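Chemist: To start, I am sharing the structure in question, which I have written as structure tokens.
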Amino acid sequence: MILTHVCGTLSDAAYAGKAVDPLQLDYADAQKHLLRRTTRGGRDIALRLSPEAQLRGLHDGDVLLEDGDTVVAVEILPVLSLLARPEGNAAIARFCYEVGNRHAPLYEVEGPASGCLYFAVLYDAAMEDLFHKLQVPYEKKEIKLEERCRLKLLSGTHHHASSHRNGGAASAKGEGNHA
């Protein structure tokens, strides 16, 4: 069965009392517009999301199919992440700069203390070392990372000095800064 759009969410009254057959996806699979997986209940599901659905993305609790008294809903699986809470504007700015400079996806999530916002990144040892160097308070925790919580540059542009070319030096073609 090929599904092209999201029907609603589990919080919709129309789905109250229905059995849920979860389509378990990790955070990376939830961002794909073409996907084939099997639900926990054994249903073969193929996704070919419409352009509108691709823009929206898949979220935890999205209903993809209603079949009698059962709905197929997305369940985003938790992944080991680092939750950080830099303190003060300067620390936040430096933290975001350093994480962004490593081209790591950065998420804004609700932290362990209800109502507090934290920054989250997918766990890796190098990122944990960075948090230590920046002296940013953090914890390791399994959480659901969702695309809607990912922080993105609004303009869609990416600017660096010439650091990606020849170690920052001007090339033989005369690129770089001239006096």
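Under the working numbering, read the sequence shown as residues 3 to 181, first letter to last. We put the CB at the ideal spot given by N, CA and C, even for glycine. Since the model is a prediction, treat every value here as computed from it, not as a measurement.
#1: Between the Cα of residue 55 and the Cα atoms of 88, 26, 5 and 79, which residue gives the shortest distance?
#2: For residue 82 versus residue 120, is the C-beta spacing smaller than 8 Å?
#3: Could you check what DSSP says for residue 21 in three-state terms: helix, strand or coil?
#4: Round the Cβ separation of residue 9 and residue 66 to the nearest angstrom and send it over; I've been treating them as touching at under 8 Å.
#5: Please name the residue, chosen from 34, 104, 73 and 136, that lies closest to residue 17 on a Cα-to-Cα basis.
#6: Pull up the distance between the alpha-carbon of residue 112 and that of residue 142, whole angstroms please.
#7: Specify the secondary structure class of residue 10 as computed by DSSP and reduced to three states.
#8: Go ahead and pull the three-state DSSP assignment for residue 125.
#9: With 16 other CB atoms within 10 Å as the buried threshold, where does residue 129 fall?
#10: For residue 92 and residue 98, I'd like the C-alpha separation in whole angstroms.
#11: Out of curiosity, what's the CA-to-CA distance linking residue 36 and residue 104?
#12: I'd like to check one pair, residue 11 with residue 64: are the Cβ atoms closer than 8 Å?
#13: Just to confirm before moving on: does the CB-CB distance between residue 2 and residue 78 stay below 8 Å?
#14: Return the first residue and the last residue of the beta strand (DSSP E) that residue 50 is part of.
#15: How big is the Cα-Cα spacing for residue 42 and residue 24?
#16: Suppose you measure from the CA of residue 126 to the CA of residue 7; what does that come to, to the nearest Å?
Modeler: Taking the geometry as given:
#1: 5
#2: no
#3: Here residue 21 sits in strand by DSSP.
#4: That pair is a contact at about 7 Å.
#5: The option with the nearest alpha carbon to residue 17 is 73.
#6: Rounded to the nearest angstrom, the two C-alpha atoms are 14 Å apart.
#7: strand
#8: coil
#9: buried
#10: 10 Å
#11: 28 Å
#12: yes
#13: Nothing about residue 2 can be read from this structure; the chain reaches only from 3 to 181.
#14: 46-50
#15: 6 Å
#16: 34 Å
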